[in-house]
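Working notes, beginning with the structure itself.
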Amino acid sequence: MTDTKSERRPRRDPSGRLATIGDLIGTALAGLVTGAVLLLILEAILSLTRVSEFGDTSGWLAIILPVWLFVEEFRAEGFGASRVVVALLGVGFAVAGGMTVAGLAATQFPTLVSGLAGAAGFTVVYCLIWFYGLRWLNDRAG
442 MTDTKSERRP RRDPSGRLAT IGDLIGTALA GLVTGAVLLL ILEAILSLTR VSEFGDTSGW
502 LAIILPVWLF VEEFRAEGFG ASRVVVALLG VGFAVAGGMT VAGLAATQFP TLVSGLAGAA
562 GFTVVYCLIW FYGLRWLNDR AG
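As structure tokens, then:
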């Protein structure tokens, strides 16, 4: 898991995975913010054309780019049972964490904000489980 010798960010290891937890979380959150901005533009257009009221669209739609990143990380890991186990555990815990955050936010905020909060919780939890869980399991398995 050595870093490649480039100034390019985010750093990747020789197999193509993101090299550090900071790179993984930073890239995932950058994708989430990009998705949120695009979702806000969509909301503004829908609101201005009176198709729906502002805030009615689910904020969970912003998670498209982070999920794409997670799929690419899964593919870069290569074959083996460890990537499947960690991905399944990551999705399970991330969905539980994201839904908990979204449920807590739903009592005070509209659907858009609570969905964005849930998507952020999902993203952070999955990043942590994927990065540390995969490295721990690879060390244990050899």
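So for the sequence shown, this note's numbering puts the first residue at 442; every next one is plus one. All residues carry an ideal CB built from backbone N, CA and C; glycine is no exception. Note that the structure is predicted; figures quoted are calculated from it, not measured.
One thing to note: GLY556 has its Cβ within 8 angstroms of the Cβ of ALA543. If only complete runs of 4 or more residues are kept, the region 464 to 529 shows the alpha helix (DSSP H) at 505 to 518, in order along the chain. Excluding its 5 nearest sequence neighbours in each direction, TRP571 has C-beta neighbours in its own chain below 8 angstroms: LEU465, PHE511, GLU514, VAL527, ALA528 and GLY531, listed in chain order. ARG581 sits in a helix when the DSSP states are folded into three classes. By the neighbour-count criterion, in which a residue is buried when 16 or more other Cβ atoms sit within 10 angstroms of its Cβ, GLU494 is exposed. Taking a 10 Å sphere around the C-beta of ARG581, we find fewer than 16 other C-beta atoms and assign the residue as exposed.
For ALA546, the closest alpha carbon among the candidates GLY467, GLY500 and TYR573 is that of GLY500. The beta-carbon separation of LEU473 and PRO507, rounded to 5 angstroms, stays under the 8 angstroms limit for a contact. For a cut-off of 8 angstroms, the C-beta gap from LEU480 to THR468 is around 19 angstroms, too long to register as a contact.
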